[in-house]
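Everything in the sequence shown is counted per my numbering, starting at 1 for the first residue and increasing by one. Glycine included, C-beta positions come from ideal geometry on N, C-alpha and C. Reviewing the structure listed below.
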Amino acid sequence: MLDGSIHPDFADAAAVLLRVLPKRAPGGAAVCVYYRGKKVVDIWGGTRDRDGNPWRADTTAPSFSTTKGVLSTLLHIVVRRHGASYDDPIARYWPEFAANGKAAVTIRQALCHEAGLYRIDEMITHAREILDWEHMKQLVAAAQPAHEPGKRHGYHALTYGWLVGGLIEAIAKRPLQAVLTDELVVPLGLDGAFIGMPRAALPRRALLIANDGVMRPQPVREAWQERLAGWFEALLKQMGIELSEFRAALTLREPFDWNAEETVSACIPAANGQFTARSLARVYAMIAGGGVLDGVRLLSADQVREICTIQNRTRDRVLFLRMHWRMGYHRAFAPGASAPMAFGHYGYGGSGAFCDPSRDLAVAFTVNSGVGGPTGDARMPRVARAAIRAVDRVRHSEQT
């Protein structure tokens, strides 16, 4: 059963949510869609934990890399408010960042994953280090790029949060959570958007179901497995795919509990955002609307046009895909629907959110079951396809 509301023209989105909810296992999800600045889908169902507690209207879900899209939007707002330029060197605002040949790295390059600072395995020794916000900012500022910034791009799976979050603090001269609240949550009236969840809000959250939220490093392989893996990696390397870069960007060396209260309360802006689908959809509806929603302008129309522009089209060094990075967002994967102007961010575990300014459409999906890859799984693309097709049907009927 689903709760919430839905416009009849977008009923297919509800059908998709019903199909992806676990039938005989714990887990829940929510979908929210905005079209032409109005909420047309706001539905949820399933359970928010293994104990069968129902997913509610105010339930937030751990959203992993979907957090990056919110963080990027916040940086765009800060750039506008403080008169910064995307081609400014980061070190102009964050002097310590100039270390190890990074004096010329620009805000644009950071947003487009071109800074070469994705190798978290070279920065930390223990997984628990990522709980320490100030420590991780210092490590990123001191790090040496894996390649010449601006010449290549590799997905900053975890380091993006400290890189862009640290830059936001340096420009705004305030703590990241305060900037998030003052510049995005309050102006848009977001009902659930946290990067570092306060203790009073913890009872609202959904818990990750898979492995009870514990992510473990790859187990030690036997000798024959190691030889086979080495042969396979050598073959891929000849094709320009280096699995070592994937591991360097995404692997923590020890088990790490993403459900733990200390993790959810920490500031890990590339991965531990807690959101309602409603809040995510409102953020992207503002972008889809040219920077304004419900009369509140947070971005200029020129900014939105620049944000929409694809910055690189080559294969990502970490993800091995053509991500078509915009400034802080990748293309919106929606097989079966044509949406070349759509962009946003999907995340490990299946969540995702995006907008399509050409359709004035924004879509968000939050979930607590499943695993998928760094850019999610098939569920968010199915929701995206249903919403895009619904808009196209509405437009077609208006023209006939």
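Burial of GLY347 is indicated by the presence of at least 16 other C-beta atoms within 10 angstroms of its C-beta. Straight-line measurement puts the Cα of ALA277 at about 12 Å from the Cα of GLY45.
Exposed is the label assigned to HIS82, since fewer than 16 other Cβ atoms lie within 10 Å of its Cβ. Around the CB of LEU293, 16 or more other CB atoms lie within 10 Å, so the residue is classed as buried. Per DSSP, reduced to three states, the secondary structure at SER5 is strand. Excluding the 5 residues flanking it on each side, ARG313 has same chain C-beta neighbours closer than 8 Å at ARG322 and HIS324, in chain order.
The residues TRP162 and GLY166, in chain order, have a CB closer than 6 Å to that of LYS137 in the same chain once the five nearest residues on each side in sequence are set aside. Take the alpha-carbon of ALA378 and the one of GLY350: they are about 8 Å apart. The alpha-carbon separation between PHE97 and ALA390 amounts to approximately 46 Å. Judged by beta-carbon spacing, GLY240 lies beyond the 9 Å limit of GLY69, meaning their Cβ atoms are not closer than that value.
Annotation: the stretch 235-281 contains the following complete segments of the alpha helix (DSSP H) (minimum length 4 residues), in chain order: 243-250 and 261-265. Non-local C-beta neighbours of ARG48 in its own chain, meaning closer than 6 Å and more than five positions away in sequence, comprise GLY28, TRP55, THR59 and ALA206, ordered along the chain. A Cβ-Cβ contact shorter than 9 Å links ALA364 with ALA281.
Classified as exposed, ALA234 has fewer than 16 neighbouring CB atoms from the shown chains inside 10 Å of its CB. DSSP places LEU361 in the uninterrupted beta strand (DSSP E) bounded by 361-367. Between ALA193 and VAL79, the C-beta spacing is not below 9 Å. ILE107 sits away from ASP121, with the two beta carbons spaced by 9 Å or more. For the 9 Å CB-CB criterion, ARG382 and VAL105 do not form a contact.
Relative to ALA115, the option among TRP94, ALA146 and ALA99 whose CA is nearest is ALA146.
Residue pairing for GLY28: DSSP places it in a beta bridge opposite GLY46. For VAL105, the secondary structure class from DSSP, reduced to helix, strand or coil, is coil. Judged by DSSP secondary structure, CYS355 falls within the beta strand (DSSP E) whose first and last residues are 352-356.
Three or more Cβ pairs closer than 8 Å define a contact, and the stretch 285-299 meets that threshold against the stretch 30-44. Going by DSSP, GLY52 is part of no alpha helix (DSSP H) at all; its letter is neither H nor E.
For ILE90, there is no enclosing alpha helix (DSSP H), since its DSSP letter is neither H nor E. ALA285 sits in a helix when the DSSP states are folded into three classes. Looking only at GLN311, PRO340, ALA386 and ALA387, the smallest Cα-Cα distance to GLY150 is reached by GLN311. Remark: C-beta atoms of PRO255 and ALA127 approach each other more closely than 9 Å. TYR155 is the residue among TYR155, ARG24, ARG253 and GLU169 whose C-alpha sits nearest the C-alpha of VAL318. TRP133 and HIS113 have their alpha carbons spaced roughly 20 Å apart. Its chain contains LEU111, VAL164, MET327, GLY328, TYR329 and HIS345 as the residues whose beta carbon lies nearer than 8 Å to that of SER72, once the 5 sequence neighbours on both sides are disregarded; these appear in chain order.
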